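Following my numbering, the numbering of the sequence shown begins with 117 at its first residue and continues without gaps.
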Amino acid sequence: MTAPFVTDQTTRLVLPSHIEAVAEAAAAVASFLQSCGVGDEAAFGIDIAVREAVTNAIVHANKEDETKSIEVTVNCVGHALEIEIKDQGEGFDPASVADPTEPANLLKTSGRGIFLMRNFMDEVQWSSRPEGGTALHMVKRF
């Protein structure tokens with residue numbers, strides 16, 4: 117894997133809460149990763165994490181309410197990539213999400229997004245925003 121050496125490059129998107137925005141966010145992030153010199157293998161995992169995070173923000177947080185938006189910010193600094201996704205939902209406790217690797221959950225058709233984000237990224241943290249909603253912060257180091 118080629119390590120990126122671009123410093124201080126940022127992109128920001130504000131998207132409506134409709135499911136088509138997932139592909140738009142993923143395409144913008146993919147283009148950004150390429151400009152930062154991120155290799156294909158790392159970009160694959162980051163793409164999955166971004167798609168899962170944006171889907172969760174749209175479907176679970178904003179409940180596909182198109183009057184609400186999501187904000188995606190991607191920052192490449194040195195040998196790290198930071199992604200922040202903000203929603204306008206009510207928030208949630210990530211610890212309350214069922215473990216998809218438990219036997220009772222193995223055959224469920226959903227519930228793996230957070231698991232995938234945590235496996236493809238080096239850091240995944242949620243915080244409540246003072247103005248409402250949740251901010252998801254993900255980091256990938258190279």
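Built from N, CA and C at the ideal position, the CB exists for glycine as well.
All figures in this text were calculated on a predicted structure; none of them were measured in a lab.
To the nearest whole angstrom, what separates the beta carbons of residue i and residue j, a pair I think is in contact under 8 Å?
| i | j | result |
| --- | --- | --- |
| residue 195 | residue 257 | 6 Å |
| residue 184 | residue 178 | 4 Å |
Tell me which residue opens and which closes the alpha helix (DSSP H) that residue i is part of.
| i | result |
| --- | --- |
| residue 237 | Element bounds for residue 237: n/a, residue is neither H nor E. |
| residue 222 | Careful: residue 222 lies outside any alpha helix (DSSP H) and carries neither H nor E. |
| residue 145 | 137-152 |
Is residue j closer than 8 Å to residue i when the C-beta atoms are compared?
| i | j | result |
| --- | --- | --- |
| residue 151 | residue 125 | yes |
| residue 162 | residue 138 | no |
| residue 143 | residue 166 | no |
| residue 214 | residue 205 | no |
| residue 198 | residue 240 | no |
| residue 272 | residue 134 | Residue 272 is absent from the structure shown; the chain starts at 117 and stops at 258. |
| residue 171 | residue 248 | no |
| residue 189 | residue 200 | yes |
| residue 232 | residue 242 | no |
| residue 140 | residue 131 | yes |
On the CB-based measure, 16 or more other CB atoms within 10 Å of its CB, does residue i come out buried or exposed?
| i | result |
| --- | --- |
| residue 160 | exposed |
| residue 235 | exposed |
| residue 154 | buried |
| residue 169 | buried |
| residue 202 | buried |
| residue 211 | exposed |
| residue 117 | Caution is warranted here: a pLDDT of 46 is assigned to residue 117, below 50, making its placement in the model unreliable, and no coordinate value can be reported. |
| residue 145 | buried |
| residue 250 | buried |
| residue 220 | exposed |
Provide the residue span of the beta strand (DSSP E) that contains residue i, from first to last.
| i | result |
| --- | --- |
| residue 214 | Careful: residue 214 lies outside any beta strand (DSSP E) and carries neither H nor E. |
| residue 253 | 250-257 |
| residue 246 | No beta strand (DSSP E) holds residue 246; DSSP gives it neither H nor E. |
| residue 228 | Element bounds for residue 228: n/a, residue is neither H nor E. |
Counting only runs that start and end within the segment 163-203, where is the beta strand (DSSP E) found for 3 or more residues in a row?
-> 185-193 and 196-202
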